[in-house]
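This is the structure in structure tokens:
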């Protein structure tokens, strides 16, 4: 279990800057030199010719210094927006592959562990007890293929034994790298991979831990890859006589090593990996990673890739209270976890940003471990949206393989392909009894129904490109009330209560709150996302008057005292070292 009191801090990586006019790198350089000095490098990113990343070296500035410089850069003429770039930790409460345990009386409990424990009991009570009887058993290594209706889809749409399901599709996989596990080695395109950590062409996962990471997950890239592309039946001899069969065994996978860990990683590395995938003509990006905070540098890369027809699929998070990034972006297909009984898995985040669900509990996968310097190849079983996500990626590969990506591009244009797939994927999901689409996603993915579904008519059916759709609402990374509604959606859905609590924290009126959030909301949200104790205190203030929580005695006793809780939170913010701008707003 990961302690929420871990002292690992966000790591500064650079700045994202957007200028008013295109092709103004010279003006951007001038502004940067005035505020930061002459040693910083500037690189154009994206397609708009207005966006740049500004770099020196990691840890060049403290978190406080980075935000101070952000506000100073934002104040300069010709600058539209500036964001500091950080590697941001996600505080998971349970690690994938570990035995799941209920919170018991002898353990030190965080607020969120108690909430998740109670949610599990309430789900059983109010959503049909043990769920739907599917006749499936998680002891069967192919149960997820049956659950997702992959096997009948193979039989109907991929009858040629010489062309395995998913053939012709290339999946980019930014993660911890790869190992030569027998279950995946034949489907790896190693010569096309890259290591963004070591900045070389050896994307091997060294299976070693980094002292700089909050949670280390060596071998994570191998396990996620296996449920996507492992060939049918066993590819080796394993102690437990189990094996893995991937959803799209005919697809090929390009490992892109961006991190040691799945919960503290470089947003810049992921952004570069996504751009690399687009530039090299890869078809899908599967991301079993998540960060607690948004990043415009990353979103620019996502838009860059989607304009080139790349489908991006990401995990919603595991044992965290809100959908993490990049899954929370509208352009990305956000995957939650379900169980063999067709219920939402307790460790899967809830909320409107969840798109679909796939098995996330009791999934078989390939694992490579290093024991006394020797590599051991294993088949194990575990839980997490890190496993649900590549299952959906495999389904996407089946869809592209069946319809033919080149055919889709000719018919619709590349930019519309990700949006069409997202739309059809959601429309063809199975919706179990008592399922809540606005909380758990559209339903559980059904591969056969997806491939059965006719493609939309390009004339009579509106298919909106993602970039245009984004203009229709305030983005989740704005720092305005929408940002906080997302972060605390699983706690409180009453927007008036959220406004009241934020206004009290900021010592301002309801009328003045929107302007204050425009000015410092992004930094305040960053503080909540990166400080578990602060997040839990604010969550407690949102839930104190909720009738459903007041009925639970155990829950009540673990709530922090509400007397002057906002004053305590302000002191916490001031003590962790916020910018001078936010400091001033909190005091006045």
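Numbering (my numbering), first residue to last: 2 to 589.
Glycine is no exception: its CB is placed at the ideal position from the N, C-alpha and C atoms.
Owing to the predicted nature of the structure, the values given are computational and were not obtained by experimental measurement.
Point to revise | Status (buried if at least 16 other CB within 10 Å, exposed otherwise) for residue 32 | key: buried
Check your understanding: residue 135 and residue 148 look like a contact to me (Cβ under 8 Å); what is the Cβ gap, rounded to whole Å?
Key -> 7 Å
Check your understanding: Is residue 205 helix, strand or coil by DSSP?
Key -> strand
Check your understanding: Are there three or more Cβ pairs, one per stretch, closer than 8 Å when the segment 276 to 288 is compared with the segment 314 to 328?
Key -> yes
Check your understanding: How about residue 258 and residue 187: are their beta carbons less than 9 Å apart?
Key -> no
Review point. Is residue 273 helix, strand or coil when you go by DSSP?
Key: helix
Review point. When you compare only the Cα positions, how much space is there between residue 291 and residue 185?
Key: 23 Å
**Study point:** Identity of the residues DSSP links to residue 51 by a beta bridge
**Key:** In DSSP, residue 51 forms no bridge with anything.
**Study point:** Contacts around residue 139, its chain only, beta-carbon distance under 6 Å, and the 5 residues preceding and following it disregarded
**Key:** 341, 363
Review point. Under three-state DSSP, which class holds residue 549?
Key: Confidence in residue 549 is poor, its pLDDT being 42 and thus under 50, which makes the residue's placement unreliable; the coordinate value appears in the next sentence. Looking at residue 549 - three-state DSSP - the assignment turns out to be helix.
Check your understanding: residue 526 to residue 294, Cα distance in whole Å?
Key -> 8 Å
Point to revise | Three-state secondary structure (DSSP) of residue 1 | key: What the structure shows of the chain is the stretch from 2 to 589, and residue 1 is not part of that stretch, so it cannot be assessed.
Practice item. Quick one: using the 10 Å Cβ neighbour count with 16 as the cut-off for buried, is residue 387 buried or exposed? Key: buried
**Study point:** Pair within 9 Å by beta-carbon distance, residue 389 and residue 358
**Key:** yes
**Study point:** Neighbourhood of residue 252 by C-beta distance below 6 Å, restricted to the same chain and skipping five residues each side
**Key:** 167, 170, 172, 230, 398
Practice item. Please list, in chain order, all residues of the same chain as residue 41 whose beta carbon is under 6 Å from its beta carbon, the five residues on each side excluded. Key: 33, 55, 57
Review point. For residue 515 and chain C, any beta-carbon pair shorter than 9 Å?
Key: Among the chains of the structure shown, chain C does not appear; only one protein chain is present.
Practice item. Please determine if the segment 336 to 354 and the segment 293 to 309 are in contact, where contact requires at least 3 C-beta pairs separated by less than 8 Å. Key: no
Check your understanding: Excluding the five sequence neighbours on either side, which residues of its own chain have a C-beta within less than 8 Å of the C-beta of residue 499, listed in chain order?
Key -> 482, 485, 486, 489, 493, 543
Practice item. Look at the Cβ atom of residue 409, then the Cβ atom of residue 456, and state whether they are nearer than 9 Å. Key: yes
Review point. Who are the near neighbours of residue 47 in its chain, counting only those whose CB is closer than 6 Å to its CB and skipping five residues on each side?
Key: 301, 305
Practice item. Look at the Cβ atom of residue 182, then the Cβ atom of residue 448, and state whether they are nearer than 9 Å. Key: no
Practice item. Mark residue 374 as exposed unless 16 or more other C-beta atoms lie within 10 angstroms of its C-beta, in which case mark it buried. Key: exposed
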